[in-house]
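Quick notes on the structure that follows.
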Ligand code: FES
Ligand code: FE
């Protein structure tokens, strides 16, 4: 066995992360991180239970007693609105013997009763009772036996986030440039946005990071992976994407990417191409100048908030004489294992929209990005490649790396950093680059290696 083989075969997680920190400076990534079970377990501990993560929308649980079940990393949680309208994130297991408490995706209940021996909890997590309580537990310290409750839950523009770490910065501070991006997308009207129904849910045999980095800023794949969409006239201008791409690397691994459609098409291409009946209702007074200019001239079409919350705001190619329909989809890449991810995908509407506008937006969004979406299917099958390579004995023996160098100045890429950018982080254009992906993995590496 050669020295190199020996190193590759025997390296532990720390060695692998050490290799990542060296290779990432050159825009290279060891393949193992996309399929290694040890990496996955560490991600669940270090990324998902120590950071703010998204768990749903306020509009999914508008009334007292409403709840949805979601995951924080590997943990099933109940996201419930209690009688005081406060949102709680509760561990979805019974404190008595660990039976799963709630098996529904969503519902309305003031209490959760364990199906095993019948302990009952309020929807704020408090222990409420048990069969034969007075005989069985006359002296039980009931305050000590409530459900585990996330110490931090905050909402921002209708999105609910939680953090399981006791010592955590406020959500806005933690999100940094990601919060700035969220505002530019969601705070365009005082009535905000809401979901149009429960999320589509489907599983893909891919690592969650591949999906996050794709939405963070992979414009490079569009003219190739989605070529068939253009060929059957469901999209157009895919070649121009490369020329007019803007990568917004907003700091801390939060990114978005769009096209300079306002510069390219004039007024028609401004504000994502929203029809006037909709864009005229926007109130941009709460945005700063960089946000205003971004959404007018170079609106972000996709983006990712670290670790696994992505959006897409995009249009269809309308029939002749019709205005394009813009849709907004948020999706969460829920890790299942190192090689499997569950996609949760919501379509959202502006609350001021007419029913007709909302249903057009929903249908268009589902057509493009849903379990059967014409774009989505192209992507998800291609994401299955990375875990195969991660588990390939040959690739590991060779110490194979993936290439994330696109746009790096050291390689003579044409992308330039915009020196006049007034928003957070950095902006790169023209042409597709992989700065957002590199930023995403820098943040990932930071989380994987920082002390608890
Ligand atoms: Fe829930 Fe026993 S496991 S009451
Ligand atoms: Fe795609």
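In my numbering, the protein residues as written are 4 to 455.
By construction, the Cβ of each residue, glycine as well, lies at the ideal position given by its N, Cα and C atoms.
- Task: Give the secondary structure of residue 337 by DSSP, where H, G and I count as helix, E and B as strand, and everything else as coil.
- Result: In the three-state reduction of the DSSP assignment, residue 337 falls in the strand class, which pools E and B.
- Query: Identify the residues that DSSP records as bridge partners of residue 110: which are they?
  - Reply: Residue 110 is bridged to 70.
- Neighbouring residues (CB closer than 5 Å to any heavy atom of the ligand FES): Counting only heavy atoms of the ligand FES, the residues whose C-beta sits closer than 5 Å to one of them are, along the chain, 97, 99, 100, 102, 117, 119, 120 and 122.
- Item | Exposure of residue 425, with buried meaning 16 or more beta-carbon neighbours within 10 Å | With fewer than 16 Cβ atoms within 10 Å of its Cβ, residue 425 is classed as exposed.
- Query: Rounded to a whole number of angstroms, what is the C-alpha to C-alpha distance between residue 417 and residue 218?
  - Reply: Cα atoms of residue 417 and residue 218: separation of roughly 22 Å, rounded to the nearest angstrom.
- Run through DSSP, which three-state label would residue 255 get? Here residue 255 sits in coil by DSSP.
- Message: Which same chain residues end up closer than 6 Å to residue 177 when comparing Cβ atoms and leaving out the 5 residues on each side of it in sequence?
- Response: For residue 177, the CB contacts under 6 Å within the same chain, skipping 5 residues up- and downstream, are 55 in chain order.
- Item | residue 162, enclosing beta strand (DSSP E) - first and last residue | Per DSSP, residue 162 belongs to the beta strand (DSSP E) from 162-166.
- Beta-carbon spacing of residue 149, residue 129 below 8 Å: The answer is yes: Cβ separation under 8 Å.
- Message: List, from N- to C-terminal side, the alpha helix (DSSP H) runs of 4 residues or more that fit wholly inside the stretch 33-69.
- Response: The qualifying runs are 40-46.
- Item | 8 Å Cβ cutoff met for residue 274 and residue 302 | In this structure, residue 274 places its C-beta atom within 8 Å of the C-beta atom of residue 302.
- Starting from residue 431 and walking both ways along the beta strand (DSSP E), at which residues does that stretch end? Counting along the chain, the beta strand (DSSP E) containing residue 431 begins and ends at 429-432.
- Three-state secondary structure (DSSP) at residue 348? Here DSSP, grouped into helix, strand and coil, assigns residue 348 to strand.
- Are there three or more Cβ pairs, one per stretch, closer than 8 Å when the stretch 307-324 is compared with the stretch 332-352? They touch, by the three-pair rule.
- Query: Counting Cβ pairs closer than 8 Å, one from the stretch 358-372 and one from the stretch 62-74, do we hit at least three?
  - Reply: Segments in contact, no.
- Task: My understanding is that residue 251 touches residue 264, with C-beta atoms under 8 Å, so please give their C-beta distance in whole angstroms.
- Result: Contact annotation, residue 251 with residue 264: C-beta distance approximately 14 Å; criterion of less than 8 Å not satisfied.
- Message: Count Cβ pairs between the stretch 334-343 and the stretch 195-215 that sit closer than 8 Å; are there 3 or more?
- Response: Yes, the stretch 334-343 is in contact with the stretch 195-215.
- Message: Rounded to the nearest angstrom, what separates residue 91 and residue 61 at their Cα positions?
- Response: One C-alpha to the other measures close to 12 Å.
- Task: Starting from the C-beta of residue 117, find all residues in its chain whose C-beta is less than 7 Å away, skip the five residues before and the five after it, and write them out in chain order.
- Result: Once the five neighbours on either side are set aside, the close Cβ partners of residue 117 are 97, 99, 102 and 104.
- Task: Could you tell me whether any non-hydrogen atom of the ligand FE is closer than 7 Å to the CB of residue 429?
- Result: The answer is no for residue 429.
- To the nearest angstrom, report how far apart residue 306 and residue 257 are at their CA atoms. Roughly 8 Å separates the two Cα atoms.
- Determine the DSSP secondary structure at residue 227, reduced to helix, strand or coil. Looking at residue 227 - three-state DSSP - the assignment turns out to be helix.
- Query: What residue range is occupied by the uninterrupted alpha helix (DSSP H) comprising residue 25?
  - Reply: Run containing residue 25: 16-26, per the alpha helix (DSSP H) assignment.
- Query: From residue 144 to residue 343, what distance separates their C-alpha atoms?
  - Reply: Roughly 41 Å separates the two Cα atoms.
- Mind checking whether residue 222 and residue 390 have CB atoms under 8 Å apart? No, Cβ-Cβ distance for residue 222 and residue 390 is not below 8 Å.
- Unbroken beta strand (DSSP E) run spanning residue 196, endpoints: First-last of the beta strand (DSSP E) with residue 196: 196-198.
- Could you please give me the residues that DSSP links to residue 404 through a beta bridge? Looking at the DSSP assignment, residue 404 forms a beta bridge with 33.
- For residue 449, three-class secondary structure by DSSP: Note: residue 449 maps to helix in three-state DSSP.
- Residues in its own chain within less than 7 Å of residue 139 by CB, not counting five upstream and five downstream? Excluding positions up to five away in sequence, the list reads 133.
- Message: Give me the DSSP bridge partner(s) of residue 94.
- Response: Note: residue 94 sits in a beta bridge opposite 80.
- Separation of residue 43 from residue 187, as counted between CA atoms: Taking the CA atoms as reference points, residue 187 sits about 32 Å from residue 43.
- Residue range of the beta strand (DSSP E) that residue 265 falls in? Taken as a continuous stretch (DSSP letters only), residue 265 belongs to no beta strand (DSSP E), being part of the alpha helix (DSSP H) at 264-268.
- Message: Using the three-state DSSP reduction, which class does residue 101 fall into: helix, strand or coil?
- Response: Taken through DSSP and simplified to helix, strand or coil, residue 101 comes out as coil.
- Item | Beta-carbon spacing of residue 63, residue 198 below 8 Å | Contact flag set, yes.
- Once you ignore the five residues that flank residue 277 on each side, which residues in its own chain have a CB closer than 7 Å to its CB? So the list reads 329, once near-sequence residues are dropped.
- Item | Supposed contact pair residue 126 and residue 83 - C-beta distance, whole angstroms, cut 8 Å | With a contact defined as Cβ atoms closer than 8 Å, residue 83 and residue 126 qualify at about 4 Å.
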